[in-house]
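Anchor point for the sequence shown: position 83 equals 82 in numbering that gives the first Met the number 0, and the numbering is continuous, going up by one each time.
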Amino acid sequence: MSRVFRWLFERRLDKAIENMEKHMTAVEDTINSVYMMVRAWKDGKIDETNRFFHSAKSSEKNADNLRRETARILSGGSGEDALERTFLLRLMGRIDRIADWAVEFARILEIIKYSDVPEEAKNVLYEFTLKLVEISSKTFEMIKKLRESSHEALRLADEVEGLEEDIDAYFAEARRKMVKSLKGYDPPIVYLIYMSLEALENSSDACEDSSDIVREIIVRLGS
Numbered sequence: 000m001s002r003v004f005r006w007l008f009e010r011r012l013d014k015a016i017e018n019m020e021k022h023m024t025a026v027e028d029t030i031n032s033v034y035m036m037v038r039a040w041k042d043g044k045i046d047e048t049n050r051f052f053h054s055a056k057s058s059e060k061n062a063d064n065l066r067r068e069t070a071r072i073l074s075g076g077s078g079e080d081a082l083e084r085t086f087l088l089r090l091m092g093r094i095d096r097i098a099d100w101a102v103e104f105a106r107i108l109e110i111i112k113y114s115d116v117p118e119e120a121k122n123v124l125y126e127f128t129l130k131l132v133e134i135s136s137k138t139f140e141m142i143k144k145l146r147e148s149s150h151e152a153l154r155l156a157d158e159v160e161g162l163e164e165d166i167d168a169y170f171a172e173a174r175r176k177m178v179k180s181l182k183g184y185d186p187p188i189v190y191l192i193y194m195s196l197e198a199l200e201n202s203s204d205a206c207e208d209s210s211d212i213v214r215e216i217i218v219r220l221g222s
């Protein structure tokens, strides 16, 4: 067990640990539902699109509730470990942002699902969600490794950062593709699609932010 989790167990914060793990699962479920929603939309399966949209919202709400409950648990304690508790709350908050922005993307997709959108634009959004699934999965793996090995968690943090750099490059390329594929389309649709790209980018940014906080936690609590 890493020192990070020994610190939690020594303070009898087992419930906080349990909630943090449940929270990650809820966020992961949110991302997977958003991915399935985009895939269904791309394939013209509107009923499935609706189903996965509601699934994503439900998982995101569950994550929010778990984050708030954990915040109450961690809000107690002495002043001497306040910084450690703050780090953990920051980490949960950043992980929560992954789901928040993914659901924001899903809400935009819910608005445009019946609209005329070119296939290339659909494919760009689909590929982006695949990349979000990849980086979020790596982020969750990184955080789980905090339980076992801080050194391994640091290695995974570097991988998360590398994936985010790849996503930044894809984001730039995606915008160039959208300029061409959306030419002549209704301005509101063009605007919403660009907003959807921004939401996916922000979700992936939250993954990288989480890796930065993991590094801070490890430096503070040691390995």
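All C-beta atoms, glycine included, are put in the ideal place defined by N, C-alpha and C. Model, not experiment: these values are computed from the prediction.
Distance, L131 Cα to V159 Cα: 11 Å
Coarse secondary structure for S114, derived from DSSP in three states: coil
Do you know how far the Cα of Y125 is from the Cα of S180? 15 Å
Is it buried or exposed for L220, if we count other Cβ within 10 angstroms and need 16 for buried? buried
Buried or exposed: which applies to D208, given that a residue is buried once 16 or more other Cβ atoms fall within 10 Å of its Cβ? buried
Would you kindly check if the distance between the Cβ of V37 and the Cβ of A101 is under 8 Å? Cβ distance not < 8 Å, so A101 and V37 don't count as in contact.
Nearest by alpha-carbon distance to R66: which of V26, E163, E151 is it? V26
Name the residue from E59, I216, S203, G43 whose alpha carbon lies nearest to the alpha carbon of R106. E59
Nonlocal neighbours in the same chain, by C-beta distance under 8 Å from S74, ignoring five residues either side: R84.
Suppose the cutoff is 6 Å on Cβ atoms and the five residues either side in sequence are ignored; what does the same chain contact list for D28 look like? The residues are S58.
Just reading off the alpha helix (DSSP H) that L199 is part of, what are its end residues? For L199, the enclosing alpha helix (DSSP H) has its first and last residue at 186-220.
Please work out which residues of its chain come closer than 7 Å, Cβ to Cβ, to F52, disregarding the five sequence neighbours upstream and downstream, and give them in chain order. M36, A105, E109
Within this structure, are the beta carbons of I142 and C206 separated by less than 8 Å? Not in contact: I142 and C206 (Cβ atoms no closer than 8 Å).
Integer Cβ distance of K121 from K41, believed to fall under 8 Å: With 8 Å as the limit, K121 and K41 qualify as a contact, their Cβ atoms being about 5 Å apart.
Run the proximity test for A39: is its beta-carbon closer than 7 Å to any non-hydrogen atom belonging to the ligand COA? Annotation note on the ligand COA: not contained in the displayed structure, which lists no ligands.
Measuring CB to CB, does S210 end up less than 8 Å from A171? no
Check whether I72 and K14 have beta carbons under 8 Å apart: yes
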